[in-house]
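Oh and the sequence shown: position 346 is 347 in my numbering, straight run, nothing missing.
Here is the structure we will look at, set down as structure tokens.
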Amino acid sequence: MRGGWALGAFLGALLAALVAVPVIARRDVAVPPPDAAKVIVITPHNEQIRQEFGDGFARWHQARFGTPAGVVWNTPGGTSEIRKILEASTVAALRDGVPVGGNADLFFGGGTYEFEQLKKPMSVEVRGERRSASVLVPVELDPAFLASVYGDNDVGGRPMRDPDGHWFGAALSAFGIVWNRESLDRLGVPAPSGWAALADPRLQGQVAMVNPAQSGSVATAMETILHREGWLRGWAILRRAAANARSVSASATRAPIEVSQGEAAIALCIDFYGRYQQQVVADGGSPDRVGYMDPVGMTAIDPDPIAMLRGAPHPETARRFIEFVLSPDGQRLWQYPVGAEGGPRMHALRRIPASRAVHAADRARFIDQVDPWQIARAIPNPDPNVRSFVAPLFVAMAIDCRSLAREAWAAVAAHPAYPRDGSVPCADEARDPQLRRMLEAFDAMPAVPAPGGATLVLDTPANLAAVRDGWLRGKWADAGLWNRLDPPADVLRRMFAEQVAARMREVIAISREAGG
Numbered sequence: 002m003r004g005g006w007a008l009g010a011f012l013g014a015l016l017a018a019l020v021a022v023p024v025i026a027r028r029d030v031a032v033p034p035p036d037a038a039k040v041i042v043i044t045p046h047n048e049q050i051r052q053e054f055g056d057g058f059a060r061w062h063q064a065r066f067g068t069p070a071g072v073v074w075n076t077p078g079g080t081s082e083i084r085k086i087l088e089a090s091t092v093a094a095l096r097d098g099v100p101v102g103g104n105a106d107l108f109f110g111g112g113t114y115e116f117e118q119l120k121k122p123m124s125v126e127v128r129g130e131r132r133s134a135s136v137l138v139p140v141e142l143d144p145a146f147l148a149s150v151y152g153d154n155d156v157g158g159r160p161m162r163d164p165d166g167h168w169f170g171a172a173l174s175a176f177g178i179v180w181n182r183e184s185l186d187r188l189g190v191p192a193p194s195g196w197a198a199l200a201d202p203r204l205q206g207q208v209a210m211v212n213p214a215q216s217g218s219v220a221t222a223m224e225t226i227l228h229r230e231g232w233l234r235g236w237a238i239l240r241r242a243a244a245n246a247r248s249v250s251a252s253a254t255r256a257p258i259e260v261s262q263g264e265a266a267i268a269l270c271i272d273f274y275g276r277y278q279q280q281v282v283a284d285g286g287s288p289d290r291v292g293y294m295d296p297v298g299m300t301a302i303d304p305d306p307i308a309m310l311r312g313a314p315h316p317e318t319a320r321r322f323i324e325f326v327l328s329p330d331g332q333r334l335w336q337y338p339v340g341a342e343g344g345p346r347m348h349a350l351r352r353i354p355a356s357r358a359v360h361a362a363d364r365a366r367f368i369d370q371v372d373p374w375q376i377a378r379a380i381p382n383p384d385p386n387v388r389s390f391v392a393p394l395f396v397a398m399a400i401d402c403r404s405l406a407r408e409a410w411a412a413v414a415a416h417p418a419y420p421r422d423g424s425v426p427c428a429d430e431a432r433d434p435q436l437r438r439m440l441e442a443f444d445a446m447p448a449v450p451a452p453g454g455a456t457l458v459l460d461t462p463a464n465l466a467a468v469r470d471g472w473l474r475g476k477w478a479d480a481g482l483w484n485r486l487d488p489p490a491d492v493l494r495r496m497f498a499e500q501v502a503a504r505m506r507e508v509i510a511i512s513r514e515a516g517g
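This is how it looks when you write it as structure tokens:
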């Protein structure tokens, strides 16, 4: 096998992804004709985006260069899964001493976190020789063109492109809440106004969640909640949301679908998945059933990048595809109505364009009158360590200890002193001694062993930084805290699950002591 992208694992992941593709609004994407210039794109994007950008690129390329071109799409899973495939195959190629890449040209879609990881060199040592390579390679585009697209290269305190050209923001993603109006009305729950809506005890079994270990965009959404609400209050919301969950799916597209079909009442989601599902339901004759909102001032904007892969077999066509995606012809596809001149032909994509030039010239023609530079403000002093703990802590609560968490949350919510107004009280706000004890246990953060017999509770920025450096970056690898043959991230997750389970049992025991 050529060095590339670990073909066996890639095809296995591709098959799993195709099985999981929602049937709603499904339509096959055309295969490029044999004589067309090709670009091979790995993406987590849905079929509607693939169709519109594949067809749009073919039209653009024919008009600009006078020759046919087409896109070959590979869809092996969510952003996090794609990143793992690319990283694993890069390491394998380095170990085998063969060229990295060669089976795909571009990675299109996801969040900046994954792309930032993929631009970093990966290293292996083989018989004393150090070999290194990054998954992504920089692309040089015309500075005047980049200035027209990105302006000062800032949205809500985040860069819109990598200054060295490793990735370019193709669209902008915000994070919010999608809800089913009929379901909320039936439950007597008002429309959401902020993140705390996910934690309402009236929504037990009614929240659709997504596993942040499998979706980088959902991990970013949860990270946003933790930054905006604060670490401890943010986890109070996410823990209650996890205990409210009717499901925890592997795909970020699934939760809005469950809401639109009435299987769930509410979900945390990426803006365009919420708006797209709102559009699908409206087109089906129910324009008021599904709602979506960005919590103003409490969300974040994250660019959705496109990047060149090392060893791209069609680099010139790949470069042209990047230029198309960033051009007005590509950017208008995100927000123009179906059938409008320059807009999509089949599907309203409902995404926020990244181009400042297109916002300035064309926003009046957008379906969604959203100004991304207004709805999100910069996060003051964001903690860079938060992201590393989002997936393991959420998975411990929502998946590993799901039954116990639901039982414990039901006991907390049933307590006579727990508020019924949708607020999210923590232990220090509870006047009732019994409820205070239950909340102390329910919201307790895990404690992690440190060298010298110390224990660090994950409740301060300093402790997060120490545990990340010591455990996840290996600085304490020689301290005897874990078996060297066992990945420390896996040890931490099991540790978190054991502690969460013990705390949930404590909550249940307290409720029974009091006859709750």
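In this text, a Cβ means the ideal position worked out from N, Cα and C, and glycines have one as well.
Residue i: first and last residue of the uninterrupted beta strand (DSSP E) it sits in
i      : result
Pro488 : Premise fails: Pro488 is in no beta strand (DSSP E) and is neither H nor E.
Val326 : Run containing Val326: none in the beta strand (DSSP E); it sits in the alpha helix (DSSP H), Pro316 to Leu327.
Arg132 : Glu130 to Ala134
Pro304 : Asp303 to Leu310
Buried or exposed (CB count within 10 angstroms, at least 16 for buried), residue i
i      : result
Pro393 : buried
Leu465 : buried
Arg504 : buried
Ala406 : buried
Leu269 : buried
Asp201 : buried
Ala587 : Only positions 2 to 517 of the chain appear in this structure, which leaves residue 587 out of reach.
Ala319 : buried
Asp470 : exposed
Gly285 : exposed
Leu462 : Checking the sequence, you will find Pro at residue 462 rather than Leu. Per the 10 Å Cβ criterion, exposed.
Phe146 : exposed
Pro191 : exposed
Asp429 : exposed
Asp29  : Because the pLDDT at Asp29 is just 42, under 50, the model does not fix this residue reliably, and the value given afterwards should be weighed accordingly. Result: exposed.
Glu82  : buried
Asn382 : exposed
Arg513 : exposed
Asn75  : buried
Proximity of residue i and residue j at Cβ, strictly below 8 Å
i      : j      : result
Met398 : Ala301 : no
Ala253 : Ile271 : yes
Ala197 : Val425 : yes
Leu227 : Val387 : yes
Leu173 : Ala355 : yes
Gly57  : Gly71  : no
Gly112 : Asp303 : yes
Gly235 : Glu115 : no
Ile41  : His315 : yes
Glu183 : Gly263 : yes
Arg240 : Phe443 : yes
Cys402 : Val501 : yes
Gly166 : Pro139 : yes
Of the listed residues the options, nearest to residue i (C-alpha basis)
i      : options                           : result
Gly423 : Ser194, Glu88, Ala445 and Phe66   : Ser194
Asn181 : Glu259, Arg162 and Gly158         : Glu259
Gly103 : Gln370, Ile43, Ala349 and Thr225  : Ile43
Gln375 : Ile353, Val140 and Ile368         : Ile353
Met439 : Ala451, Ala409 and Thr456         : Ala409
Ala400 : Leu204, Pro213, Ser512 and Arg320 : Contrary to the premise, residue 400 reads as Ile rather than Ala in this sequence. When only C-alpha atoms are compared, the closest one is Pro213.
Asp295 : Gly158, Tyr114, Val501 and Arg378 : Arg378
Asp305 : Arg159, Gln500, Phe497 and Pro35  : Arg159
Trp335 : His62, Ala313 and Val371          : Val371
Val282 : Val179, Gly312 and Pro381         : Val179
Leu188 : Pro450, Pro35, Arg421 and Phe108  : Arg421
Gly177 : Asp429, Met210 and Ala418         : Met210
Arg132 : Ser124, Val138 and Pro139         : Ser124
Ala251 : His360, Gly78, Gly475 and Arg65   : Gly78
Pro434 : Ala445, Ala418, Val449 and Lys39  : Ala418
Arg494 : Val449, Gly475, Asp460 and Lys476 : Val449
Trp61  : Lys476, Gly343 and Arg403         : Gly343
Val508 : Thr456, Trp472, Ala414 and Met496 : Ala414
Asp163 : Glu117, Arg203 and Asp106         : Glu117
Endpoints, alpha helix (DSSP H) assigned at residue i
i      : result
Thr461 : Segment: none, Thr461 is in no alpha helix (DSSP H) and carries neither H nor E.
Met439 : Pro434 to Phe443
Glu408 : Arg403 to Ala415
Gly117 : Per the sequence shown, the amino acid found at residue 117 is Glu instead of Gly. Here the alpha helix (DSSP H) through Glu117 covers Thr113 to Leu119.
Leu1   : Because the chain spans 2 through 517 in this model, residue 1 falls outside it and cannot be assessed.
Paired residues, beta bridge with residue i - DSSP
i      : result
Glu224 : Looking at the DSSP assignment, Glu224 forms no beta bridge with any residue, so it has no partner.
Trp180 : Ile267 and Gly292
Met210 : Val249
Arg589 : Nothing in the structure corresponds to residue 589, since the chain is present only between 2 and 517.
Lys39  : Gly71
Ala448 : Val458
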